[in-house]
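Numbers in the numbering used here are just positions in the first sequence, counted from 1, shifted up by 11.
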Amino acid sequence: MKSELHFKDKVLSIVSKIPYGRVTTYGSVATLAGLPRGARFVGGVLHFNEVKAPWHRVVNRHGFISTKCIDHPKKLQKVLLEQEGIEVSSDFMIDLKKYGWFGEKSLDNS
DNA sequence: GGGCTGACTGACG
DNA sequence: ACGTCAGCCAGCC
């Protein structure tokens with residue numbers, strides 16, 4: 012039975028595993044989910060499912076907030092990240108070198 | 001069941 | 001170095 016959890020479930024799980032004060036990219040989440048090429052879908056997952064995970068900690072490869080947030084302006088995510096202790100540039104750019112979380116090599120034993 | 005969509009990424013000019 | 005194009009994969013209609 013392949014994966015008991017659908018890809019989107021994995022994504023949500025991984026996103027909720029992002030440590031406080033850290034950010035990650037769609038590519039990393041997709042890779043951890045088992046789909047290094049499914050970066051696009053990661054966003055689609057969060058878009059379709061109600062945001063229960065810290066989606067605001069997920070940004071694109073350039074550390075830029077791609078999240079359209081539809082009903083809410085990017086400004087919202089910027090504020091959320093700042094509340095996490097992450098410094099966000101006025102252009103919604105984040106320093107992935109400082110806050111970028113790529114699994115920290117942990118990945119548990121899984 | 002087939003086709004379109006999407007909060008991306010990487011390659012090419 | 002920056003801008004543009006195409007590919008990718010699974011969910012949803």
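Heads up, the beta-carbon is just placed ideally off N, CA and C, and yes, glycines get one too. If you're wondering where the values come from, they're calculated on a predicted model, not measured in any experiment.
Test item: CB-CB of residue i and residue j under 8 Å
i    : j   : result
L107 : V34 : yes
G114 : L43 : yes
Cα-Cα separation between residue i and residue j, rounded to whole angstroms
i    : j    : result
F18  : L46  : 8 Å
S77  : L16  : 26 Å
K109 : E95  : 13 Å
S27  : H67  : 11 Å
I29  : G111 : 10 Å
I97  : G32  : 6 Å
N60  : S101 : 29 Å
V130 : A50  : What the structure shows of the chain is the stretch from 12 to 121, and residue 130 is not part of that stretch, so it cannot be assessed.
Closest by C-alpha distance to residue i, when choosing among the options
i   : options               : result
P65 : G54, H73 and R72      : G54
R48 : G111, N60 and Y37     : Y37
H73 : K21, V99, Y31 and V56 : V99
Cβ separation of residue i and residue j, assumed to be a contact under 8 Å, to the nearest whole Å
i    : j    : result
V40  : V70  : About 11 Å separates the two Cβ atoms, so there is no contact after all.
F75  : F103 : 6 Å
I105 : L91  : That pair is no contact at about 12 Å.
Practice task
Any chance you could list the alpha helix (DSSP H) runs of at least 4 consecutive residues sitting entirely within the stretch 53–113, in chain order?
Solution key: 85–95 and 107–110
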